[in-house]
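To start, the structure under review is shown below, and the notes come after it.
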Amino acid sequence: MAHYCRDNGILLHIHRIMLAVIDRQKNHGMHFRVLAKALRMSSGDHIHAGTLVGKLEGECDMTLVFVDLLRDDFIEKDRIRGIFFTQDWVSMPGVLPVASGGNEIIREAAKWSPELAAACEVWKEIKFEFEAVDKLDIN
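Per my numbering: the sequence shown = residues 517 to 655.
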C-alpha cells in the first residue's frame with residue numbers, strides 16, 4: 517500500500533485505533549512502543565497518535581516516548597522514559613504524529629443534519645473514564 521501511495525501522490529494515514537484491538541486486552545503483551553516502531557516501518561506519512569485523554573489515552577511520558585519514536589531520527593536510550601536501547605532510524609523517514617478530535621466538524625455538520633444533531637445530543641454525556649491500560653512498565 518505504501519508503494520501505491522508514493523507512486524500516486526497519496527498520503528498514507530495510519531490510525532492508532534487498531535491499538536484497541538491489539539493492546540486493550542491487558543494480558544496480550546504488546547506495548548504501543550513496539551507497535552509504534554512497526555507503524556513507522558510500514559512507511560506511513562502520519563499516524564493518529566491520540567492524546568493523553570479520551571479513548572486513545574495514555575500516560576503523558578508514554579505518549580511522548582512513542583511520539584519521539586515516530587518522529588525523531590535518533591532516540592537515545594532512556595530507561596526512565598521506557599526506551600530500553602538507543603534507536604537510530606538512519607534514513608527511514610519519520611511519521612508525523614497527529615492528535616485530532618474532529619468534534620468541530622461533527623458539530624458543524626449537525627447544523628445541517630437533524631439525525632446527526634439528535635445522535636450528538638444522545639451521546640454528548642458519554643465519557644471515557646477508566647484507568648489507562650497502556651502504561652510504562654518500568655520500576
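Every residue gets a Cβ at the ideal spot worked out from N, C-alpha and C, and that includes glycine.
- Assigned with DSSP and collapsed to three states, Ile-642 falls in coil, not helix or strand.
- As the crow flies, the alpha-carbon of Arg-522 is around 39 Å from that of Lys-640.
- Under the three-state reduction of DSSP, Val-606 is assigned to coil, being neither helix nor strand.
- Residue environment analysis places Thr-579 among the buried positions, since at least 16 neighbouring C-beta atoms fall within 10 angstroms of its C-beta.
- The Cβ atoms of Arg-556 and Leu-528 do not sit closer than 8 Å to each other.
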